[in-house]
Each structure stands twice: as C-alpha cells, then as structure tokens.
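A.B. asks: Pasting a structure here, questions to come.
Residue numbers (my numbering): -13 to 155.
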C-alpha cells in the first residue's frame, strides 16, 4: 500500500514537472514568435527602404548589413520553433518506427550541442570582426546561432519527455 502511494506521488510530481516544462516551452515559443515576426517585418521594411534609396540614387550601404542581421535572427528562431513543432524534414517511412526514436534524439542532441558550441565560438570571433560597410560587430548576428541552439536543446528535452511519457502510459 505504501509503495503504491509513493508511486502515485512520484507520478504526480513527474506530471507537474512535465506541465511546467511545457508551460515554459509555450512561453519561450510565444516570445520567439513575437520577436521573430517583428524582426521579419523589420527585415522587409529595411529591404524595401534600401531598394527605394538605391533607385533614387542615394543608397545607404549599411542597410544590407542590418537586414542580414535581422534575417539571421528570424531564421534561427524559426528553426528552433520548427524543431519544437516537428516541422523539419524527415524520412516519413522511418519516422514512425518507434525503436529508432532514441537514436534520432541522440543525433539531434549531438547536432544541437555542436551548434551551440561552435556557434558560440563563432560569435566570440565576431567581437573582433565587423560587417562592412556598417561597422557593426558580427557578434550581434552570430550570437543568434548558439542562442537558437539553446532553445532547440530545451525543445528537444521537452520532446523526449513527451515521448517517454507517451511510451509509459
């Protein structure tokens, strides 16, 4: 009787932890969607303004750097959200084979950890390099790579937890 009660308490705690994990994931995704949407709108506005200025004979050369930086942030935030929603490309025939799922999770984790590690190294190098002609340090765009990797890792943990819970019960 006592073991059954302990088991129920542990299951309840696991469910609460999973709920908190999902709630935080939902919040992170909403923030990423808002920031990504704003950056995409900003990117499009900058590109439009850049084209207008070039056609009028008064180009503003640093606008392309600003647009590229906004685009990178948008792309990497979108990639993290795509991982969470499971919308990245996969081999459909293999995606339903349950015993392969842990191997897929391991491969994803290795890729994401590499993305974080080398993305961070690249961002640090960007402190010493600037985009030309704007003079903006490349760090400000490159830091989007490891940051998106951190989001991806969180979403992967969330996916693993959901898969393990579904497999259990």
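Think of the CB as a built atom: it goes at the ideal place given N, C-alpha and C, for glycine as much as any other residue.
On the CB-based measure, 16 or more other CB atoms within 10 Å of its CB, does residue 232 come out buried or exposed?
C.D. replies: Nothing in the structure corresponds to residue 232, since the chain is present only between -13 and 155.
A.B. asks: So which of 35, 154 and 133 has the shortest CA-CA distance to residue 66?
C.D. replies: 133
A.B. asks: Report the residue from 7, 53 and 1 whose alpha carbon sits nearest the alpha carbon of residue 139.
C.D. replies: Considering only alpha carbons, the answer is 7.
A.B. asks: Alpha carbon to alpha carbon, what distance is there between residue 106 and residue 57?
C.D. replies: 18 angstroms
A.B. asks: How many angstroms separate the CA atom of residue 4 from the CA atom of residue 125?
C.D. replies: 35 angstroms
A.B. asks: Are the beta-carbon atoms of residue 48 and residue 123 separated by less than 8 angstroms?
C.D. replies: no
A.B. asks: Ends of the alpha helix (DSSP H) at residue 48?
C.D. replies: First-last for residue 48: undefined, no H or E at that position.
A.B. asks: What is the DSSP secondary structure of residue 119, counted as helix, strand or coil?
C.D. replies: Coil at residue 119, not helix or strand.
A.B. asks: Return the CA-CA distance between residue 98 and residue 137, expressed in angstroms with no decimal places.
C.D. replies: One C-alpha to the other measures close to 10 angstroms.
A.B. asks: What is the DSSP secondary structure of residue 75, reduced to helix, strand or coil?
C.D. replies: Three-state result, residue 75: coil.
A.B. asks: What is the rounded straight-line gap between the Cα of residue 88 and the Cα of residue 62?
C.D. replies: 24 angstroms
A.B. asks: Shortest alpha-carbon distance to residue 26 belongs to which of 131, 95, 55 and 116?
C.D. replies: 55
A.B. asks: Beta carbon of residue 39, beta carbon of residue 33: below 8 angstroms?
C.D. replies: no
A.B. asks: Return helix, strand or coil for residue 83, following the three-state DSSP convention.
C.D. replies: coil
A.B. asks: Which complete alpha helix (DSSP H) runs does the segment 4 to 65 hold, if anything under 4 residues is left out?
C.D. replies: Entirely contained in the segment 4 to 65, not one alpha helix (DSSP H) run reaches 4 residues.
A.B. asks: Looking at the unbroken alpha helix (DSSP H) that takes in residue 144, where does it start and where does it end?
C.D. replies: Looking at the DSSP string, the run of the alpha helix (DSSP H) that includes residue 144 is 130 to 154.
A.B. asks: Can you tell me the Cβ-Cβ gap for residue 60 and residue 29, rounded? I've got them flagged as a contact below 8 angstroms.
C.D. replies: 6 angstroms
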